[in-house]
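Encoded as structure tokens, the structure appears first; notes follow it.
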Amino acid sequence: MHDSFKFPVVKFFSPYDLVNISGETLGKSLRWIFNRTLADSHFLFGLEHWVRQHGPIDIAHIAETHYGYGLQAIEMKKKGLIKKIVSTCWETIPFNNESVTKKTKMKHIIRANIDHFICPTQRAKDALIQEGVDASKITVIRVGVDIKRFKPKINKKLSKKSITKLLFVGRLVEEKGINDLIDCFSQLVKNQNIALTLAGSGPMEIPINRLIGVNKWEKKVKIVQSKYEDMPRLYQDHDILIVPSKTTNTWEEQYGMVLVEAMACGLPIVAYDSGAISEVLESAGILVKEGDKKDLYQAVKMFIDDEFSRYKYSLMAIKRAKDEFDSRKIAKQIEQIYNME
Numbered sequence: 009m010h011d012s013f014k015f016p017v018v019k020f021f022s023p024y025d026l027v028n029i030s031g032e033t034l035g036k037s038l039r040w041i042f043n044r045t046l047a048d049s050h051f052l053f054g055l056e057h058w059v060r061q062h063g064p065i066d067i068a069h070i071a072e073t074h075y076g077y078g079l080q081a082i083e084m085k086k087k088g089l090i091k092k093i094v095s096t097c098w099e100t101i102p103f104n105n106e107s108v109t110k111k112t113k114m115k116h117i118i119r120a121n122i123d124h125f126i127c128p129t130q131r132a133k134d135a136l137i138q139e140g141v142d143a144s145k146i147t148v149i150r151v152g153v154d155i156k157r158f159k160p161k162i163n164k165k166l167s168k169k170s171i172t173k174l175l176f177v178g179r180l181v182e183e184k185g186i187n188d189l190i191d192c193f194s195q196l197v198k199n200q201n202i203a204l205t206l207a208g209s210g211p212m213e214i215p216i217n218r219l220i221g222v223n224k225w226e227k228k229v230k231i232v233q234s235k236y237e238d239m240p241r242l243y244q245d246h247d248i249l250i251v252p253s254k255t256t257n258t259w260e261e262q263y264g265m266v267l268v269e270a271m272a273c274g275l276p277i278v279a280y281d282s283g284a285i286s287e288v289l290e291s292a293g294i295l296v297k298e299g300d301k302k303d304l305y306q307a308v309k310m311f312i313d314d315e316f317s318r319y320k321y322s323l324m325a326i327k328r329a330k331d332e333f334d335s336r337k338i339a340k341q342i343e344q345i346y347n348m349e
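Here it is in structure tokens:
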């Protein structure tokens, strides 16, 4: 993905690289060790050396308050190598990632030294305020998409006689609601001419493939991995997006970029009311009480049966995407933060 960026990208080794290549079980163990020895696994080796060669840096834009590179940026600011630090914080659960003493201390240092925070949602802003950040240092700015790339399919025709294509985009893990989605599909497929595409990968891929075989869904369900540049076409080729995310003790849906991408492409959306989903989606889709599989089924069935409702929600989604999630407009808002004294 980095190769497609229109600006220079410099990659640094991080302990998290070891976590990524070690598999699920060993990776969790390594992350546990790094969190307790280093406070985090996202330290970037060679970062300060690079900044010394190319600095001083006017603005360092980091993410969150619980990553090691944030602490590195703070230390470089104290040395005069960085003039200003801006952090985009997605986290919506106050005091999350504070089960380890070292990480808690690191978060406190980072929070106290950030010049300005950008939050994609009011929910994330509220979490920072609860953690002690001054509200005047936080600005809510959405994360958007290129609406010239993510756009509705021209002359897309919907017909009750054709197959209605359902779409899920995300990690194939329990907290993304995969089990509820499969249960919903298993009921719908009995009486509906439908197909389901799961765009993503994860530990549930093996059991899902097993279910596909047992239920003879080979022509009904497929798992795909799509490159980012192919995502607009994926949305355009489907009729309904389903986002059944489920809250855990340490995670809830912080935003849901798939919601923004799908809205821009004009997809009707059914989603569980998890985390910040309601703030991102508002009335441009159907919100279902989290975990209510019966209502999830009814909402998806309504869209399958009612072509007019699909069309109505498609128009609402497109309008919301243009009004709220145009990346060009959002870039100007971020530029204003960069220029603040």
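To convert a position in the sequence shown, counted from 1, into this note's numbering, add 8. In this text, a Cβ means the ideal position worked out from N, Cα and C, and glycines have one as well. It should be emphasised that the depicted structure is a prediction, and the values quoted were computed from it without experimental measurement.
With 16 or more other CB atoms across the displayed protein chains lying within 10 angstroms of its CB, Val288 is buried.
Three or more beta-carbon pairs drawn from the stretch 279 to 298 and the stretch 263 to 270 are found closer than 8 Å, and the two stretches are therefore classed as touching. In the three-state reduction of the DSSP assignment, Ala203 falls in the strand class. Scanning its chain for C-beta atoms nearer than 7 Å, with the 5 sequence neighbours on each side dropped, one finds around Gly178 the residues Lys184, Gly208 and Val266, in chain order. Between the stretch 71 to 86 and the stretch 50 to 59 there are three or more inter-stretch CB-CB distances shorter than 8 Å, so the stretches are counted as touching. DSSP places Asp331 in the helix class (H, G or I) of the three-state scheme. Val153 and Ile118 have their C-alpha atoms roughly 28 Å apart. A Cβ-Cβ contact shorter than 9 Å links Gly210 with Val181. The C-beta of Leu206 has 16 or more other C-beta atoms within 10 Å across all chains shown, which makes the residue buried. In the three-state reduction of the DSSP assignment, Ser317 falls in the helix class, which pools H, G and I.
At least 9 Å separates the beta-carbon of Gln80 from that of Leu46. Under DSSP, Ile126 shares a beta bridge with Thr96 and Thr147. Under the three-state reduction of DSSP output, Tyr263 falls in the coil class, being neither helix nor strand. For a cut-off of 8 Å, the C-beta gap from Leu174 to His246 is around 7 Å, short enough to register as a contact. By the 16-neighbour rule on beta-carbons within 10 angstroms, Lys86 is exposed. Inter-segment contact for the stretch 104 to 117 and the stretch 303 to 318 is absent: fewer than three beta-carbon pairs are separated by less than 8 Å.
Annotation for Glu261: Ser253, Ser282, Gly283, Ala284 and Ile285 place their beta carbon closer than 7 Å to its own, counting only its chain and skipping 5 residues before and after.
By the Cβ-count criterion, Trp225 is buried, with 16 or more other Cβ atoms from all chains shown falling within 10 Å of its own Cβ. Partner residues in the beta bridge of Val153, as assigned by DSSP, are Asp334. Where Val232 is concerned, the enclosing beta strand (DSSP E) starts and stops at Val229 to Val232. Taking a contact as a CB-CB distance under 8 Å, the pair Phe125 and Ser144 does not count as one, their CB atoms being some 10 Å apart.
Partner residues in the beta bridge of Lys173, as assigned by DSSP, are Ala203.
The three-state secondary structure of Ala81, taken from DSSP, is helix. Counting the other Cβ atoms within 10 Å of the Cβ of Leu38 gives 16 or more, which makes it buried. A buried status is given to Tyr243, since no fewer than 16 other beta-carbon atoms sit within 10 Å of its beta-carbon. With respect to the C-alpha of Ile90, the residue from Ser107, Gly63 and Asn257 having the closest C-alpha is Gly63.
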